[in-house]
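A quick write-up on the structure given underneath.
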Amino acid sequence: AYPSGWRYTLHYGALTAGSETLDDGTIRRYDNSHEDTKGHELHIAPDPEPDFVEFPGIEVLYERFWDEIPKPRFGPSNDNGDTHD
20 AYPSGWRYTL HYGALTAGSE TLDDGTIRRY DNSHEDTKGH ELHIAPDPEP DFVEFPGIEV
80 LYERFWDEIP KPRFGPSNDN GDTHD
């Protein structure tokens, strides 16, 4: 269940795991996969334990994510992996 009304994962990572990533290649990730029991989480490599964060709304969180990673912004993708600008 998602009390916020959103199911999301904002993920920045590597294709292969290394010393600067989590085991799944994560470098930085916001998600609410356990929102009903744990809340909203921020995973930052190399620490395997997530930080719990307040959910400011999906638009604010999306902007925050892009401001925190060293990658040019692009639009979300649909279920087929096509990106939208």
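When we follow our numbering, the leftmost residue of the sequence shown carries the number 20, and every step to the right adds one.
We put the beta carbon where it would ideally sit given N, CA and C, even for glycine.
Would residue i pass as a contact of residue j if the rule is Cβ separation under 7 angstroms?
i      : j      : result
Tyr-31 : Ile-46 : yes
Ala-20 : Glu-39 : no
Output the distance between the C-alpha atoms of residue i and residue j, rounded to the nearest integer angstrom.
i      : j      : result
Lys-90 : Pro-22 : 30 angstroms
Leu-41 : Ile-88 : 16 angstroms
Leu-29 : Asp-66 : 17 angstroms
Between the Cα of residue i and those of the options, spot the shortest distance and give me the residue it belongs to.
i       : options                        : result
Pro-75  : Pro-67, Glu-60, Leu-41         : Glu-60
His-53  : Ala-33, Arg-92, Trp-25         : Trp-25
Thr-56  : Phe-71, His-62, Asp-66, Asp-43 : Phe-71
Asn-112 : Pro-69, Pro-95, Phe-93, Gly-94 : Residue numbering for the chain in the displayed model covers 20 to 104; residue 112 lies beyond these limits and cannot be assessed.
Gly-58  : Asp-66, Pro-67, Glu-73         : Glu-73
Alpha helix (DSSP H) segments (min. 4 residues) lying fully within the stretch 36-60 | none
Do the stretch 79-88 and the stretch 33-50 make contact, defined as three or more Cβ pairs closer than 8 angstroms?
-> yes
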